[in-house]
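Residue numbers (my numbering), protein chains in the order written: chain A, 6 to 362; chain B, 6 to 362.
Protein chains: 2
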Amino acid sequence: MAEDLTNAALPAEHPLRTGMRDAPLLRAAAGRPGPRPVWFMRQAGRSLPEYRRIREGVPMLRACFDADLVAEITLQPVRRHGVDAAILFSDIVVPLRAVGIDLDIEPGVGPVVAEPVRTARDIERIAALDLASVAAVEQGVRNVVASSPVPLIGFAGAPFTLASYLIEGGPSRNHDRTKALMHAEPELWHELASRLAAISERFLRMQVLAGASAIQLFDSWAGALSLADYRRFVLPHSAAVFASLTDLGVPRIHFGVGTGELLGAMAEPPVEVVGVDYRVGLPDAALRVGPDRALQGNLDPALLGAGDQVLRAEVERIVAEGDALPGHIFNLGHGVLPQTDPDVLTRVVQWVHELRP
Amino acid sequence: MAEDLTNAALPAEHPLRTGMRDAPLLRAAAGRPGPRPVWFMRQAGRSLPEYRRIREGVPMLRACFDADLVAEITLQPVRRHGVDAAILFSDIVVPLRAVGIDLDIEPGVGPVVAEPVRTARDIERIAALDLASVAAVEQGVRNVVASSPVPLIGFAGAPFTLASYLIEGGPSRNHDRTKALMHAEPELWHELASRLAAISERFLRMQVLAGASAIQLFDSWAGALSLADYRRFVLPHSAAVFASLTDLGVPRIHFGVGTGELLGAMAEPPVEVVGVDYRVGLPDAALRVGPDRALQGNLDPALLGAGDQVLRAEVERIVAEGDALPGHIFNLGHGVLPQTDPDVLTRVVQWVHELRP
């Protein structure tokens with residue numbers, strides 16, 4: 006496939022053209038006043054009994070390529086919690102699988118790559134994303150959008166985080182092979198990161214054209230890098246992904262974990278929202294990010310298990326800090342932990358809604 | 006045992022009284038001019054073939070309670086690399102095992118606790134450290150000191166990192182049970198952390214009295230905490246450990262990983278040196294830590310696999326940044342990775358020594 010999407014505009018029936026533009030998520034992302042939106046990373050997932058039921062016997066990647074399951078799982082937390090956004094049920098490795106990389110998601114481990122990518126030849130074999138190979142995901146997006154009362158957030162993995170999985174062969178604590186490749190063979194690194202950026206760009210564009218009203222780029226492992234390495238090896242590729250979506254006019258969220266040192270750099274690409282984990286307070290994050298960006302975050306997901314009194318105080322603190330920002334999307338600082346009581350999540354949504362300014 | 010060590014002074018034959026005080030490590034820690042010292046966290050360990058040979062068939066904890074093995078393994082990297090400090094071969098859970106907690110160190114996993122500590126009753130059962138139960142470690146220290154040409158650094162785990170292992174039952178990515186306990190049951194948390202602080206205090210004091218010339222407190226997981234949580238739940242207990250050692254007059258090193266947001270707080274207890282991982286540059290770390298502390302770090306251990314050219318440039322950068330500090334101890338930002346080529350470590354030592362100002 007070689008269709009050129011670069012100048013495609015949003016179709017007339019896109020939610021952003023049919024009234025969704027004033028949804029709280031989109032107002033906050035644009036810095037327009039309005040009720041504070043709340044959603045949770047990994048809201049669609051193992052914390053929900055209805056999710057565990059529907060996934061029974063269905064491997065993760067099979068579920069991600071089943072349009073009906075994608076839509077149902079995406080909508081489960083919207084129905085249950087009343088969150089202000091849906092986020093597509095998928096995984097950052099879905100487009101990598103779609104381009105033919107032999108990988109799987111092993112329960113309790115994460116993505117495991119059969120043949121790690123480490124040489125020029127390995128990298129050359131990474132093809133561009135053929136949209137036909139993610140047709141089921143596209144249909145899933147359309148199914149969600151057809152019935153979701155709230156905006157859908159599309160997402161993709163950032164080039165560094167994807168590259169780390171491919172180079173290390175799976176989840177890694179130290180990312181040492183990835184860092185060694187960056188430094189020792191920078192041309193190879195940049196070739197790999199460019200290819201991954203192109204895959205993420207196309208995957209995100211597809212989601213937006215199919216009806217997603219915002220996108221989030223997950224650079225979950227970026228916090229493992231020094232600022233110097235991040236700027237030199239990673240930021241240009243993530244920036245290219247964001248820049249490629251500018252014509253679509255959807256809010257773009259840039260998220261990572263443990264990125265306190267990187268927040269300023271992560272706000273440099275054309276993004277409307279920067280995600281903040283729980284290690285940095287929102288006022289401090291705002292200073293690093295600059296005055297014209299909305300922030301998303303930043304409740305420590307571990308505190309969802311600390312009891313209502315502690316949790317309520319923390320929610321109130323974050324809401325108060327968010328009031329001083331140009332825009333604030335309430336979220337966790339990282340994903341919902343599997344053992345989280347879903348009723349607690351529902352209560353947090355209620356509290357945030359009650360505390361609306 | 007109930008001997009009161011609080012006012013014990015260093016014995017006359019202690020290395021600090023017999024000439025070791027002018028060793029580069031001790032000069033740098035005290036901010037006195039001199040050649041720059043270099044050592045590596047986890048220098049005694051799996052990167053060395055002589056270590057793998059001597060550990061063959063010997064479980065980790067058995068090795069830690071064998072005075073001859075402790076001494077031999079501690080000295081291996083001193084002989085091979087010519088580093089400027091030995092660090093005791095041990096593990097932060099050694100004193101926990103010594104007080105009777107049923108735990109083991111599983112290869113490839115880390116410490117695993119048979120019955121996680123989560124209730125008041127669990128916590129009450131944690132006894133004080135009887136020095137007789139670590140007599141083998143004490144003898145190991147004495148054996149090292151009898152023949153080491155460089156100062157020995159004793160160490161212990163900080164209360165938070167120890168508590169996380171006990172509460173979670175093993176290594177944890179999110180420390181969610183630990184955080185939940187802190188917030189939901191602060192009295193229990195403080196009781197647990199106090200007991201662990203007392204154990205670490207006594208374990209460190211024993212090492213110093215047996216001949217260690219410096220100590221390092223490892224709070225490896227502190228970077229998982231927000232600054233507010235760190236200040237409220239952790240810092241007072243770590244500070245108590247450091248304060249308890251003041252009368253001994255040995256340099257104290259405070260180390261954690263991913264602690265960029267915490268560096269200022271980590272410099273508040275009476276410590277002479279703050280460890281810096283590779284995510285923050287030394288000049289920036291110095292601003293956070295304040296003007297009167299030496300810094301230790303901060304080479305990214307992943308770069309040990311990136312080739313000599315990259316590595317040499319990085320070593321030169323760190324040495325140049327270190328020149329501007331009141332004192333600088335060259336080290337990694339985290340421990341040596343097991344797959345590291347030991348010859349590379351030896352070269353780094355040579356480079357740092359050549360680059361001495």
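For each residue, glycine too, the CB sits at the ideal point set by N, CA and C. Computed from a predicted structure; not experimentally measured.
Taking DSSP's pairing of strands, which residues face residue i in a bridge?
i, result
"Phe260/B", "Phe223/B"
"Asn303/A", "Asn336/A"
"Gly159/B", "Ile220/B"
"Val279/A", "His259/A and Leu300/A"
"Gly115/A", "Glu111/A"
"Ile92/B", "Ile158/B"
"Val43/B", "Phe335/B"
Spatial neighbours of residue i within its chain, please: CB distance less than 6 Å, with the 5 preceding and 5 following residues excluded, ordered by chain position.
i, result
"Trp226/B", "Thr166 and Ser169"
"Ala229/A", "His180"
"Leu309/A", "Thr345 and Val349"
"Ile158/A", "Ala90, Ile92, Ala219 and Gln221"
With burial defined as no fewer than 16 other Cβ atoms inside 10 Å of the residue's Cβ, what is the status of residue i: buried or exposed?
i, result
"Met6/A", "Caution is warranted here: a pLDDT of 35 is assigned to Met6/A, below 50, making its placement in the model unreliable, and the coordinate value is therefore given only provisionally. Exposed: under 16 other Cβ atoms inside 10 Å."
"Ser249/B", "buried"
"Ala82/B", "Rather than Ala, the amino acid found at residue 82/B in this sequence is Pro. Classification of Pro82/B: buried, given that the 10 Å Cβ count is 16 or more."
"Asp27/A", "exposed"
"Thr124/A", "exposed"
"Gln301/B", "buried"
"Glu61/B", "exposed"
"Asn12/A", "Confidence is the limiting factor: at Asn12/A the pLDDT is only 38, short of 50, which leaves the residue's position unreliable and the question unanswerable from this model."
"Ala329/B", "exposed"
"Pro29/A", "buried"
"Ala17/A", "exposed"
Between the alpha carbons of residue i and residue j, how many angstroms are there, rounded?
i, j, result
"Ala189/A", "Val315/B", "7 Å"
"Arg257/A", "Thr79/A", "19 Å"
"Leu93/B", "Val75/B", "7 Å"
"His242/B", "Leu108/B", "23 Å"
"Gln355/A", "Gly39/A", "16 Å"
"Leu101/B", "Leu232/A", "37 Å"
"Glu8/B", "Ala137/B", "Residue confidence for Glu8/B is low, a pLDDT of 40 falling below 50, so the modelled location carries little weight; the figure read from the coordinates is stated next. Their Cα atoms are separated by approximately 11 Å."
"Gly254/A", "Phe260/B", "45 Å"
"Ala307/A", "Met46/B", "30 Å"
"Asp305/B", "Tyr235/B", "24 Å"
"Gly105/B", "Ile131/B", "8 Å"
"Arg178/B", "Leu240/A", "26 Å"
"Asn368/A", "Pro343/A", "In the structure displayed, chain A extends from 6 to 362; residue 368/A sits before or after that span and is not available."
So, for residue i: in the same chain, excluding its five sequence neighbours on each side, which residues have a beta-carbon less than 7 Å away from its beta-carbon?
i, result
"Ala272/A", "Val279, Val294, Gly295 and Arg298"
"Trp44/A", "Val88, Asp89, Ala90, Ile92 and Asn336"
"Thr251/B", "Pro275"
"Gly175/B", "Val114, Gly115, Pro116, Val117 and Val118"
"Thr264/A", "Ala227, Gly228, Met271 and Asp282"
"Arg284/A", "Gly263 and Gly265"
"Ala203/A", "Ala133"
"Asp71/B", "Ala141"
"Leu193/B", "Ala125, Ile128 and Leu186"
Might you give, ordered along the chain, the residues of its own chain that have their beta carbon closer than 8 Å to the beta carbon of residue i, omitting 5 neighbours on each side?
i, result
"Ile110/B", "Pro64, Met65, Leu66, Asp96, Val98, Pro116 and Val117"
"Pro154/B", "Val83"
"Gly327/A", "Arg41, Leu287, Leu300, His333 and Phe335"
Could you check if residue i belongs to the surroundings of the ligand MG, using beta carbon to heavy atom distance under 8 Å?
i, result
"Trp226/B", "The ligand MG is not part of this structure, which contains no ligands at all."
For chain A, is any of its Cβ atoms less than 9 Å away from the one on residue i?
i, result
"Leu342/B", "yes"
"Glu266/B", "yes"
"Pro112/B", "no"
"Ser225/B", "no"
"Gly310/B", "yes"
"Arg182/B", "yes"
"Ser231/B", "yes"
"Asn179/B", "yes"
"Asp234/B", "yes"
What in chain D is Cβ-close to residue i, meaning under 9 Å?
i, result
"Ser249/A", "You won't find chain D in this structure, because its protein chains are A and B."
Using a Cβ-Cβ cut-off of 9 Å, state whether residue i counts as contacting chain B.
i, result
"Ser52/A", "no"
"Val255/A", "no"
"Tyr56/A", "no"
"Arg284/A", "yes"
"Ala307/A", "yes"
"Val149/A", "no"
"Asp127/A", "no"
"His188/A", "yes"
"Ala291/A", "no"
"Ala33/A", "no"
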